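Protein chains in written order, with our numbering: chain A, 800 to 1218; chain B, 800 to 1218.
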């Protein structure tokens, strides 16, 4: 453990030094690295695919298959997407340096709040190797040094990708240590990273609920908690049934494995009889399993009985918990009790209910008459996404480039002392 | 421990319920509570002083004296200040509800970012009972429920103050649980609070370095780290010596026990001979002990020899570490190595050095030609101060009311689903 820590401390020291240089690099040069890195990914794709095949082979030997194996797999198309992602980041506006406000105080001091990089960003993530290029690009654009600790399953792929990026840094005269990959994928190395307060300014876990929980519980470095979404759609009193059905079908089935997919449908009791049979038919036609409360099971004969556990579960699958509520109050109470604070939608034509839902539901994104699937950096127009925060400190909801920055106060005086 | 946790969970549950009500309370009513609470502090000052005398007696019996005892002591003047503080908070603008931006997306979704309260704010603090009224007032104004855990030494005083505040809440029809005091002042209760992720949105430690370290290391709740300031003044090439002397004397001696006081003076080698003897004389006339490097000890015969430890120490006392540096690079390197990231000042008439210092020094507040003592919510014009953050996540430097808020995304649709 001591050895691990010392080893990781080296990463920390190097990152800190690199971060100081990066903080002063003009955006043109950062963009040059991003574009070069994109070129390198394409140029060296043979090598990347070769390394990726080692990961795939190891995973197959370990019995991994299906969606998990697919996540790990790279091909020319996926490498092209990674490269394209870097080029798109290069085209975004650089938030660093912006003076958010500046004012003159009565004593003549000129005080300004200026956006600066966070410094050193640690990211702990799981199988998908494309996260490596993506996160590195976002950190670089915002002038942050990145320490990446990907999963053991993707180690060969991640190494090949980081080499491309480091090569681009080197060619552009920027410190290679701006992007470092922790090659020790033991649990100890993750734990050591979580304790590196001296070097890391923030730690972002990207992955499943288990990883996120472990980071939140063990990290002394400030964490941005991302991802878990037990999202709700509440059918209150839509002006037309079609809109309600379209929204729940979209929120549940458009991409069931992601965090902004709906997991529970709440229906006002006055709507239940006319809405539920038709909506559940549309859902089960798309292979969605319905788990309902007693009322639902009466109206929808093929529904299974929901248990207390169902209300709290993020299925990430074609399963939907369904409950009939007495009122908007009961709907909001249910959401407050079971929601992870990600995204919730009301479908209604009642103005005061819409206002109340927006005001009272305490989640990162609250919707009136739209699918929860829109909680996404790109859909929100940020041009990029670092992850979706479900905590309230620093960043909430989809995080774009700005969320990878902090600010400092710059103060111009001419000899002021405090009286 | 399990009992403690259950007990604290009750605080958490009550706070959560109160926070939901508070989030929707218009500012007029919040101000009414603040003004009533101020009245109550004055009206019941006899009772508060009586309770305070119990704390004072216990502290005396435990051998507490001097500054520590003074911090604990209340009198009519101090209670009047607390009341005045609450009235001032009532006069500030309420940040809650502000729509930071709103835009229409190509698909017609109207997406806005709206400022909302954090929810439940936990504060762990030490001896000074005035912190109780102060923090409770700031949380209330921003629509947050507060769970306050003050020190054992001030328990009677804190209880009396919180009763006044709760009474005002009750009279105004707001939930009394908006402000709760944890009366169990054991270490276990503090640790239990640090693990209440389910109920607390943020935990703010206010007190000495030991308290802050313990909270950062043990809390799984997101923390805002406040306070420690190993602040530097760098005399580069001032246009007049007087300005340099005034600034270091002010930064060191104006109030040596606070976090924005200077702890280390760095002097460019070209300035050392003319600046140091005069500056150190002015400092030692104000009883400042000088601990210098070799060069300093040569120029200032009464200086003590500084050790490596001195560069890293936040004295909070009339002691100053002094070092001669070869260049601005060495000054910046020294600061990056030893600073706690609070406040640093350069005194110079060199334009490019001023720019470099502002750009390269990675602290919450960086000054040109002014005293570090200005790093303060009131001096920055925020009208209030929650503390001074030395981390980069969420808030950096002096925290005002805005820093006790987060945002949520409110989205207005008319049936949009994701394609």
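Yeah, the Cβ is synthetic: ideal placement off N, Cα and C, and Gly gets one too. Owing to the predicted nature of the structure, the values given are computational and were not obtained by experimental measurement.
Sequence-distant residues of its chain with Cβ nearer than 6 Å to residue i (five each side left out)
{"i": "residue 929 of chain A", "result": "881"}
{"i": "residue 924 of chain A", "result": "930, 949, 1005 and 1006"}
{"i": "residue 1008 of chain A", "result": "1027"}
{"i": "residue 942 of chain B", "result": "821, 822, 895 and 916"}
{"i": "residue 918 of chain B", "result": "818 and 1000"}
{"i": "residue 1198 of chain A", "result": "1185, 1186 and 1188"}
C-alpha gap between residue i and residue j, whole angstroms
{"i": "residue 935 of chain B", "j": "residue 1076 of chain A", "result": "51 Å"}
{"i": "residue 842 of chain A", "j": "residue 897 of chain A", "result": "35 Å"}
{"i": "residue 833 of chain A", "j": "residue 826 of chain A", "result": "10 Å"}
{"i": "residue 1056 of chain A", "j": "residue 927 of chain A", "result": "14 Å"}
{"i": "residue 1166 of chain A", "j": "residue 1085 of chain A", "result": "24 Å"}
{"i": "residue 1098 of chain B", "j": "residue 1041 of chain B", "result": "19 Å"}
{"i": "residue 1015 of chain B", "j": "residue 1022 of chain B", "result": "7 Å"}
{"i": "residue 840 of chain B", "j": "residue 884 of chain B", "result": "11 Å"}
{"i": "residue 906 of chain B", "j": "residue 1211 of chain B", "result": "11 Å"}
{"i": "residue 1002 of chain A", "j": "residue 838 of chain B", "result": "45 Å"}
{"i": "residue 1143 of chain A", "j": "residue 1160 of chain B", "result": "42 Å"}
{"i": "residue 938 of chain B", "j": "residue 904 of chain B", "result": "35 Å"}
{"i": "residue 1125 of chain A", "j": "residue 1095 of chain A", "result": "13 Å"}
{"i": "residue 1181 of chain B", "j": "residue 887 of chain B", "result": "12 Å"}
{"i": "residue 968 of chain B", "j": "residue 1152 of chain A", "result": "28 Å"}
{"i": "residue 982 of chain B", "j": "residue 989 of chain B", "result": "11 Å"}
Cβ shell of residue i (< 8 Å), same chain only, five flanking positions each side left out
{"i": "residue 1011 of chain A", "result": "1004, 1024, 1025, 1026 and 1027"}
{"i": "residue 812 of chain B", "result": "998"}
{"i": "residue 995 of chain B", "result": "807, 808, 811, 921 and 1020"}
{"i": "residue 954 of chain B", "result": "854, 982 and 984"}
Residue i - containing beta strand (DSSP E), residue span
{"i": "residue 1164 of chain A", "result": "1164–1169"}
{"i": "residue 996 of chain B", "result": "No beta strand (DSSP E) contains residue 996 of chain B, which DSSP labels as neither H nor E."}
{"i": "residue 902 of chain A", "result": "898–903"}
{"i": "residue 1035 of chain A", "result": "1030–1036"}
{"i": "residue 1207 of chain A", "result": "1204–1215"}
{"i": "residue 1143 of chain A", "result": "1142–1147"}
{"i": "residue 914 of chain A", "result": "909–916"}
{"i": "residue 1117 of chain A", "result": "From DSSP, residue 1117 of chain A is part of no beta strand (DSSP E); its letter is neither H nor E."}
Sub-7 Å separation of residue i and residue j beta-carbons
{"i": "residue 914 of chain A", "j": "residue 1204 of chain A", "result": "yes"}
{"i": "residue 858 of chain B", "j": "residue 868 of chain B", "result": "yes"}
{"i": "residue 871 of chain B", "j": "residue 952 of chain B", "result": "yes"}
{"i": "residue 916 of chain A", "j": "residue 1061 of chain A", "result": "no"}
{"i": "residue 964 of chain A", "j": "residue 836 of chain A", "result": "yes"}
{"i": "residue 1168 of chain B", "j": "residue 1213 of chain A", "result": "yes"}
{"i": "residue 944 of chain B", "j": "residue 985 of chain B", "result": "no"}
{"i": "residue 780 of chain B", "j": "residue 1103 of chain B", "result": "Past the edges of chain B, shown from 800 to 1218, lies residue 780 of chain B, and the structure says nothing about it."}
{"i": "residue 1120 of chain B", "j": "residue 1128 of chain B", "result": "no"}
{"i": "residue 854 of chain B", "j": "residue 956 of chain B", "result": "yes"}
{"i": "residue 912 of chain B", "j": "residue 1206 of chain B", "result": "yes"}
{"i": "residue 1092 of chain A", "j": "residue 1081 of chain A", "result": "no"}
Limits of the unbroken alpha helix (DSSP H) element including residue i
{"i": "residue 1079 of chain B", "result": "1068–1084"}
{"i": "residue 1133 of chain A", "result": "1127–1137"}
{"i": "residue 938 of chain A", "result": "929–940"}
{"i": "residue 835 of chain A", "result": "826–842"}
{"i": "residue 970 of chain B", "result": "954–970"}
{"i": "residue 1044 of chain A", "result": "1040–1052"}
{"i": "residue 1095 of chain A", "result": "1093–1098"}
{"i": "residue 884 of chain A", "result": "875–890"}
{"i": "residue 1158 of chain A", "result": "1150–1159"}
{"i": "residue 1015 of chain A", "result": "1008–1017"}
{"i": "residue 871 of chain B", "result": "865–871"}
Cβ-based neighbour list, residue i, same chain, cut-off 7 Å, excluding 5 preceding and 5 following
{"i": "residue 830 of chain A", "result": "889"}
{"i": "residue 1138 of chain B", "result": "1029, 1031 and 1162"}
{"i": "residue 1178 of chain A", "result": "none"}
{"i": "residue 1038 of chain A", "result": "1148"}
{"i": "residue 800 of chain A", "result": "The pLDDT assigned to residue 800 of chain A is 43, lower than 50, so where the model puts this residue is not dependable; a value taken from the coordinates is nonetheless given after this. If we look at residue 800 of chain A and ignore the five residues flanking it on each side, its Cβ neighbours are 987."}
{"i": "residue 959 of chain B", "result": "846, 847 and 850"}
{"i": "residue 1157 of chain B", "result": "1165 and 1167"}
- Pairing CB atoms from the segment 1201–1218 of chain B with CB atoms from the segment 1165–1182 of chain A, are three or more of them under 8 Å? Note that the segment 1201–1218 of chain B touches the segment 1165–1182 of chain A; at least 3 beta-carbon pairs, one per stretch, sit closer than 8 Å.
- Determine contact between the segment 1147–1158 of chain A and the segment 1049–1064 of chain A, defined as no fewer than three beta-carbon pairs at a distance below 8 Å. Too few Cβ pairs lie closer than 8 Å, so no.
- Are the segment 1123–1143 of chain B and the segment 1058–1073 of chain B in contact at 8 Å, needing three or more beta carbon pairs? Touching, per the Cβ criterion.
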